[in-house]
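Colleague: Structure below; questions to follow.
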Amino acid sequence: MAETSPSLLQTDETFRQNDAGAAFVLQSKGEWWHAGFHLTTAIVGPTILTLPYAFRGLGWGLGFLCLTVMGMVTFYAYYLMSKVLDHCEKAGRRHIRFRELAADVLGSGWMFYFVIFIQTAINTGVGIGAILLAGQCIQVTDQLEDVTHLHVLLLVLSLGQIMYDELSPNGSLKLYHFIAMVTVVMIFLSQLPTFHSLRHINLGSLLLSLGYSFLVVGACINAGTSGTAPPKDYSLESSKSARVFSAFSSISILAAIFGNGILPEIQVKTDSLEHFISCKTPAEKCSHIDYLLFLHFNFSTCPSISIQATLAPPATGKMVKGLVMCYTVIFITFYSVAVSGYWVFGNKSNSNIFESLMPDEGPALAPTWVLGLSVVFVLLQLLAIGLVYSQVAYEIMEKKSADTKQGIFAKRNLIPRLVLRTIYMILCGFFAAMLPFFGDISSVVGAVGFIPLDFVLPMLLYNKTYKPPRSSLTYLINISIIVVFTCTGLMGTFSSTRKLVMDAKKFKLFSSEVVN
Numbered sequence: 001m002a003e004t005s006p007s008l009l010q011t012d013e014t015f016r017q018n019d020a021g022a023a024f025v026l027q028s029k030g031e032w033w034h035a036g037f038h039l040t041t042a043i044v045g046p047t048i049l050t051l052p053y054a055f056r057g058l059g060w061g062l063g064f065l066c067l068t069v070m071g072m073v074t075f076y077a078y079y080l081m082s083k084v085l086d087h088c089e090k091a092g093r094r095h096i097r098f099r100e101l102a103a104d105v106l107g108s109g110w111m112f113y114f115v116i117f118i119q120t121a122i123n124t125g126v127g128i129g130a131i132l133l134a135g136q137c138i139q140v141t142d143q144l145e146d147v148t149h150l151h152v153l154l155l156v157l158s159l160g161q162i163m164y165d166e167l168s169p170n171g172s173l174k175l176y177h178f179i180a181m182v183t184v185v186m187i188f189l190s191q192l193p194t195f196h197s198l199r200h201i202n203l204g205s206l207l208l209s210l211g212y213s214f215l216v217v218g219a220c221i222n223a224g225t226s227g228t229a230p231p232k233d234y235s236l237e238s239s240k241s242a243r244v245f246s247a248f249s250s251i252s253i254l255a256a257i258f259g260n261g262i263l264p265e266i267q268v269k270t271d272s273l274e275h276f277i278s279c280k281t282p283a284e285k286c287s288h289i290d291y292l293l294f295l296h297f298n299f300s301t302c303p304s305i306s307i308q309a310t311l312a313p314p315a316t317g318k319m320v321k322g323l324v325m326c327y328t329v330i331f332i333t334f335y336s337v338a339v340s341g342y343w344v345f346g347n348k349s350n351s352n353i354f355e356s357l358m359p360d361e362g363p364a365l366a367p368t369w370v371l372g373l374s375v376v377f378v379l380l381q382l383l384a385i386g387l388v389y390s391q392v393a394y395e396i397m398e399k400k401s402a403d404t405k406q407g408i409f410a411k412r413n414l415i416p417r418l419v420l421r422t423i424y425m426i427l428c429g430f431f432a433a434m435l436p437f438f439g440d441i442s443s444v445v446g447a448v449g450f451i452p453l454d455f456v457l458p459m460l461l462y463n464k465t466y467k468p469p470r471s472s473l474t475y476l477i478n479i480s481i482i483v484v485f486t487c488t489g490l491m492g493t494f495s496s497t498r499k500l501v502m503d504a505k506k507f508k509l510f511s512s513e514v515v516n
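In terms of UniProt numbering, the sequence shown opens at residue 1 and continues consecutively.
The following block contains the structure:
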């Protein structure tokens, strides 16, 4: 036993001196509703506009089944992950990073680097996709007809390529120009130093996702009842092999849409030691006293305990509340967009539903103001999504480059942060401009990244941590999910990569067209 018990404040100070990524980027100050905002932004984004495209490869019955199963499995997986984090915390090993949790529970050093690789693939893929779609939104905005009002929107909100092409069909600006504009904005916003500083932005993101979902559903209903939409055809590919490949590509897209590879980084934000210190009354302090006694005991008897345990009290209940908030939004948005979009366009659905609503030939299939406002909402939310998924990369950068002995805005920390985050965003923007594969990027990222991280590892970690009996229902369910989604991930990786290679033949580098 240690001769003296280090105080909680001294322990927290020691932690801050040794881990700038956690102390700065993953700063723990939030409540459960903040976790709900972050989770919703991480999951409910403009990728839901690809849901009719995913149904195109599955059909009505299989589409509904896969969408529902994905929702149930991911909620279950995130709940299990929250339980594992809580169990490790009670054992004196507080984890704030997915990679450290996996390496600790599975006892394998290579798992640490495997998770880093997967998270990097997800973060980079989402960052590229977000910038690409935002640039396309600016381009699409000019495809609408009301020139006077939309020019005002363009000046105020810097709207997208989709509209530009219609207002200025022979204009000199290309997709990569709009991607560059979005990248500049993202460079500016990326200088927000902590995850917690995004809480208000992510509340706005939640409201924006509801807003453009309702607008898109209204636009689809208007198109479907107006008689100007293409004839409805819900048939699948004629070739059996093509149907199989399309189905697995669609499942990979659904996995990417539901995926969230940063749950531990979000969970650690729900409350902090500083919350206890700031409590004014005994009643307020009472809710934290058990956790403080736990910390005091462990730090006194086990000097090697992870200092990360000081970051947050047990957060399982709070994360469940955040998950319920998030999945309420998911239920409202996912089903409404998928059903309305596929009902109207069937097997002619594009990977971006705005392309279906604003065809190359003929007028737009919905009122100008509806499409314009939805694109504005999408564009604004994409900025929030890009910021959320960049946090893991920023945390890694900050851990290596920052010095917690100096302030978060000290010159010693500010300059490296500015340089590294700017370079990261420039690289994301460069690849978005060079490889305009929005639908295919979602599919590949889902198969390679989200499926193992969200559909396999949580069940494996739970079985390893809690060791349920092999004959128990929980164990059998977890193993079944692991087997099914491992096979699905392998097939999805193959089919998604195959489609990416096929689509690569359809465009030139830095093309102004997104391949659907």
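Cβ coordinates follow ideal geometry from the N, Cα and C atoms, glycine included.
(1) Grab the span of the alpha helix (DSSP H) containing Q391 for me, first residue to last.
(2) Would D454 and G346 qualify as a contact pair, given that the criterion is a beta-carbon distance under 7 Å?
(3) Going by beta-carbon coordinates alone, are A130 and I385 separated by less than 7 Å?
(4) Could you check whether the stretch 216-232 touches the stretch 337-352, counting it as contact only if at least three pairs of C-beta atoms, one from each stretch, sit closer than 8 Å?
(5) Does the stretch 53-73 come close enough to the stretch 87-96 that 3 or more CB-CB pairs lie under 8 Å?
(6) For the pair the stretch 104-116 and the stretch 359-376, tell me if three or more CB-CB distances fall below 8 Å.
(7) With a threshold of 6 Å, establish whether the CB of E237 neighbours any heavy atom of the ligand SAH.
(8) Taking the alpha helix (DSSP H) that M434 belongs to, which residues open and close that run?
(9) Counting pairs of Cβ atoms below 8 Å between the stretch 391-398 and the stretch 233-243, do you hit three or more?
(10) Taking all protein chains shown into account, do 16 or more other C-beta atoms lie within 10 angstroms of the C-beta of Y113, making it buried, or fewer, making it exposed?
(11) Is the beta carbon of P46 sitting closer than 7 Å to the one on S349?
(12) Where does the unbroken alpha helix (DSSP H) through N352 begin, and where does it stop?
(13) If you compare alpha carbons, which of L460, L58, R417 is closest to Y76?
(14) Going by DSSP, what residue range makes up the alpha helix (DSSP H) through residue 592?
(15) In three-state DSSP terms, what is L476?
(16) Taking DSSP as the reference, what is the three-state secondary structure of K232?
(17) Across the stretch 413-431 and the stretch 177-193, are there enough close Cβ pairs to call them in contact, namely three or more that are closer than 8 Å?
(18) Thinking C-beta only, is S252 closer than 7 Å to S401?
(19) Please list, in chain order, all residues of the same chain as G109 whose beta carbon is under 8 Å from its beta carbon, the five residues on each side excluded.
(20) Taking 8 Å as the threshold, find out whether the stretch 498-507 comes into contact with the stretch 114-122 through three or more Cβ pairs.
(21) Can you give me the C-alpha to C-alpha distance between V378 and P416, rounded to a whole angstrom?
(22) How many Å lie between I201 and F195 at the Cα?
(23) Can you tell me which of the three DSSP states K405 falls into?
(24) Within 10 angstroms of its Cβ, does W60 collect 16 or more other Cβ (buried), or is it exposed?
(25) Write down the C-beta distance between A42 and L254 rounded to the nearest angstrom, noting that I regard them as a contact closer than 8 Å.
(26) With C-beta atoms as the reference, is T40 less than 7 Å away from L198?
(27) Please state if the CB of A256 and the CB of G57 are separated by a distance shorter than 7 Å.
(28) Ignore the nearest five residues each way along the sequence and tell me which others in S336's own chain have a CB closer than 7 Å to its CB.
(29) Do you know how far the Cα of K83 is from the Cα of F178?
(30) Near residue 527, what residues of its chain come up, given a Cβ to Cβ distance below 7 Å and the 5 sequence neighbours on each side ignored?
(31) Could you compute how far the alpha carbon of I477 sits from the alpha carbon of R470?
(32) Suppose you measure from the CA of M111 to the CA of F485; what does that come to, to the nearest Å?
(33) How many Å lie between L101 and F334 at the Cα?
Modeller: Let me lay it out:
(1) 368-401
(2) no
(3) yes
(4) yes
(5) no
(6) no
(7) As far as ligands go, the structure on display features none, and thus does not contain the ligand SAH.
(8) 411-434
(9) no
(10) exposed
(11) no
(12) Neither: N352 is in no alpha helix (DSSP H) and is coded neither H nor E.
(13) L460
(14) Summary: the structure shown does not reach residue 592, with the chain confined to residues 1 through 516, and so no result is reported for it.
(15) helix
(16) coil
(17) yes
(18) no
(19) A103
(20) no
(21) 31 Å
(22) 11 Å
(23) coil
(24) exposed
(25) Going by Cβ atoms, the distance from A42 to L254 rounds to 16 Å, so no, they are not a contact pair.
(26) no
(27) no
(28) S213, V217
(29) 43 Å
(30) Here the chain comprises residues numbered 1 to 516, so residue 527 is not present and cannot be evaluated.
(31) 10 Å
(32) 19 Å
(33) 30 Å
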